[in-house]
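Novice: Quick note on numbering that gives the first Met the number 0: the sequence shown kicks off at 0 and runs consecutively.
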Amino acid sequence: MNESKKRLKYIFLFLCGLFFILYVRVIYLTYFNESIINLKSTKLVQRGTIFDRRGIELALSQESGTIGIEPKNIYDIELTASELAPILGLKSEKLFTSNSEKENYFLLKREIEIKKANQIKSLALPGVRVEKEFRRIYPQGSLASNLIGFTGYDDDKALSGLETLYNLELLTTTDANSQKGNNLHLSIDSIIQYRLEKSLGKAFLETQSKHGIGIIMDVDTGKILAMSSFPNFDPNHFQDFSIDSHTNWGIRHVYEPGSTMKIFIALMLLNEGAILPHEKFNCPGFIEVG
0 MNESKKRLKY IFLFLCGLFF ILYVRVIYLT YFNESIINLK STKLVQRGTI FDRRGIELAL
60 SQESGTIGIE PKNIYDIELT ASELAPILGL KSEKLFTSNS EKENYFLLKR EIEIKKANQI
120 KSLALPGVRV EKEFRRIYPQ GSLASNLIGF TGYDDDKALS GLETLYNLEL LTTTDANSQK
180 GNNLHLSIDS IIQYRLEKSL GKAFLETQSK HGIGIIMDVD TGKILAMSSF PNFDPNHFQD
240 FSIDSHTNWG IRHVYEPGST MKIFIALMLL NEGAILPHEK FNCPGFIEVG
């Protein structure tokens, strides 16, 4: 009986200690971890760049502008609309209607070129605000899109792929004075990735398959040189593609080991001395040992 009480006591103390450690960890991550603090701060951070192994840019952030409107502060709606329309590529009638119907502050257009944003800022139109932000660009288009993923209109809001997995690192600055997040260097080789996608995409269309998956690995190091999934998409216009095309099917499901188990069987036979390292033999589908 005493042994049972002692055992329960030790288990209780162990659990209390474990919960205390978890509590301290949560407090540390919430209030003292610099990466988390930087992510929560209002400081505008330019998201880090994602490179392949050759140094080719797969994802980068560029400075852009957002145009906001405060209808109550606009003195001449017609003049404001006529000034903004040619720069933003919108019809002045549409801008005039939008400004007339709304009373509270609203965003007129986001992620415009910084040159155009500065042009609007120089006009100093009452009630027109120009806010600085960053927009995410994927210069290689659909290349490795299922792997890299994408962000939303807000540069700091990752929605899928490596962008989500390394969101904290990409938004963490190297020092307090920097506005640029850490860069991410992948083992992916863009040339190998392109060739894989070209071949896999052709087979995917010819066979009218539901999904296509291809992975190329360096057998000596285990590094992934290329990883492709079909259907794929262009992360620059992710909203124009189905959710199914955003998925990295190469890591989404669990697959049967298949012939990979033969390696373990061969190693067992080598360990037992049943076969020699350089021995050659014909395998009709099975081999009797012993």
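Think of the CB as a built atom: it goes at the ideal place given N, C-alpha and C, for glycine as much as any other residue.
Please read all numbers here as calculations on a predicted model, not as lab measurements.
Please name the residue or residues paired with Thr150 in a DSSP beta bridge.
Specialist: Answer is Ala157.
Novice: With DSSP as the reference, label Gln25 as helix, strand or coil.
Specialist: In the sequence as displayed, the identity of residue 25 is Val instead of Gln. DSSP places Val25 in helix when its eight states are reduced to three.
Novice: Specify the secondary structure class of Phe232 as computed by DSSP and reduced to three states.
Specialist: If DSSP states are grouped into helix, strand and coil, Phe232 belongs with coil.
Novice: Indicate whether Gly88 and Asn181 have their beta-carbon atoms separated by less than 8 Å.
Specialist: no
Novice: Tell whether a beta-carbon distance below 8 Å holds between Lys224 and Gly213.
Specialist: Looking at the sequence provided, one finds Leu at residue 224 rather than Lys. Cβ atoms of Leu224 and Gly213: not closer than 8 Å.
Novice: When you compare only the Cα positions, how much space is there between Asp75 and Lys93?
Specialist: 15 Å
Novice: Go to Arg135, then tell me how far its beta strand (DSSP E) extends in each direction, as first and last residue.
Specialist: Val127 to Ile136
Novice: When burial is assigned at 16 or more other CB atoms within 10 Å of the CB, is Gln45 buried or exposed?
Specialist: Buried, by the Cβ-count rule.
Novice: Tell me whether Ala84 sits in a helix, a strand or coil according to DSSP, three-state version.
Specialist: In this structure, Ala84 counts as helix in the three-state DSSP scheme.
Novice: Just how far apart, CA to CA, sit His252 and His210?
Specialist: 12 Å
Novice: Based on the DSSP secondary-structure assignment, which residues constitute the bridge partners of Ser141?
Specialist: Looking at the DSSP assignment, Ser141 forms no beta bridge with any residue, so it has no partner.
Novice: For Pro283, name the three-state secondary structure that DSSP assigns.
Specialist: coil
Novice: Measuring straight from C-alpha to C-alpha, what distance separates Ile73 and Glu112?
Specialist: 24 Å
Novice: Looking only at C-alpha atoms, which of Lys90, Ser121 and Lys114 sits nearest to Leu107?
Specialist: Lys90
Novice: Terminal residues of the continuous alpha helix (DSSP H) containing Glu205?
Specialist: Ser189 to Glu205
Novice: Give the DSSP bridge partners of Met216, in chain order.
Specialist: Ile223
Novice: Can you tell me whether Gly272 is buried or exposed, with buried defined as 16 or more other CB within 10 angstroms of its CB?
Specialist: Exposed, by the Cβ-count rule.
Novice: Assuming Gln61 is part of the alpha helix (DSSP H), what are its boundary residues?
Specialist: Per DSSP, Gln61 lies in no alpha helix (DSSP H); the unbroken beta strand (DSSP E) holding it starts and ends at Glu56 to Ile68.
Novice: Would Ser186 pass as a contact of Arg52 if the rule is Cβ separation under 8 Å?
Specialist: yes
Novice: Quick one: residues in its chain with C-beta nearer than 8 Å to the C-beta of Tyr193, no 5 flanking neighbours on either side, listed in chain order?
Specialist: Leu142
Novice: Classify Gly303 as helix, strand or coil using the three-state DSSP reduction.
Specialist: Given a span of 0 to 289 for the chain in the structure shown, any question on residue 303 remains unanswerable.
Novice: Among the residues of its own chain, which have a CB less than 7 Å from the CB of Phe133, if the five just before and after it don't count?
Specialist: Gln45, Arg46, Ser60, Gln61, Glu62, Ser63 and Asp154
Novice: Using only alpha-carbon positions, find the residue among Ser208, Tyr165 and Asp174 that is nearest to Ile49.
Specialist: If we check each option's Cα against that of Ile49, Tyr165 comes out closest.
Novice: In this structure, what does DSSP give as the bridge partners for Leu183?
Specialist: Ile49
Novice: Between which two residues does the beta strand (DSSP E) containing Phe105 stretch?
Specialist: Phe105 to Glu112
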